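Colleague: Sharing a structure below in structure tokens format, with a few things to ask.
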Amino acid sequence: MTQPSSAHLGLEHWHAVISSGSSVEALSEILHEDVVFHSPVVHTPQIGRAITTAYLSAAGKTLGNDSFEYLREVVSDQTAVLEFQTEMEGIQVNGVDMITFDSDGKIIDFKVMVRPLKAVNKVWEMMGAQLKKE
């Protein structure tokens, strides 16, 4: 019997966390201490568990509404690419989460890409407001 890849293990944890509301505590548990987060609206990579947890928690509260759904997943040994769609204040958002996992299934790199431009602007607006609250 073969062992599940670190990406499969990590994705199992990722889906469990987001389906239960993306709490700060649960997000923090699945992130490597030195995780790198690449935002679709911030130029520089954000490094570390605390800042990545803040971004992913804010995303859960803004993008992760009732219309959010993953459309497909492409998984390799350590990497998963997940296409998603959601609606934010009447704007259709289409995006991709590119997640890399370490050998224990913890997230070490998380990159988000969003389209179209109207959606990027809405994500920037709503994420900024949510991050100010936290």
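Taken in order, the sequence shown gives residues 659 to 792; the numbers are from the working numbering.
Just so you know, even glycine gets a beta-carbon here, dropped at the ideal spot from N, CA and C.
For clarity, every value in this text was computed on a predicted model and none was experimentally measured.
#1: Express the C-alpha separation of glutamate 747 and valine 693 in angstroms, rounding to a whole number.
#2: Determine the direct distance from the alpha carbon of aspartate 735 to that of serine 664, and round the result to whole angstroms.
#3: For serine 697, count neighbouring Cβ atoms within 10 angstroms of its own Cβ and tell me buried if that reaches 16, exposed if not.
#4: In terms of alpha-carbon separation, which member of Glu745, Gly706, Thr711, Tyr713 lies closest to serine 725?
#5: The beta strand (DSSP E) with histidine 696 in it runs from where to where?
#6: By the DSSP assignment, the beta strand (DSSP E) with leucine 714 in it spans what residues?
#7: Could you check whether the stretch 775-786 touches the stretch 671-686, counting it as contact only if at least three pairs of C-beta atoms, one from each stretch, sit closer than 8 Å?
Modeller: For this structure:
#1: 30 Å
#2: 6 Å
#3: buried
#4: Glu745
#5: 689-696
#6: Here leucine 714 belongs to no beta strand (DSSP E); instead the alpha helix (DSSP H) covers 707-720.
#7: no
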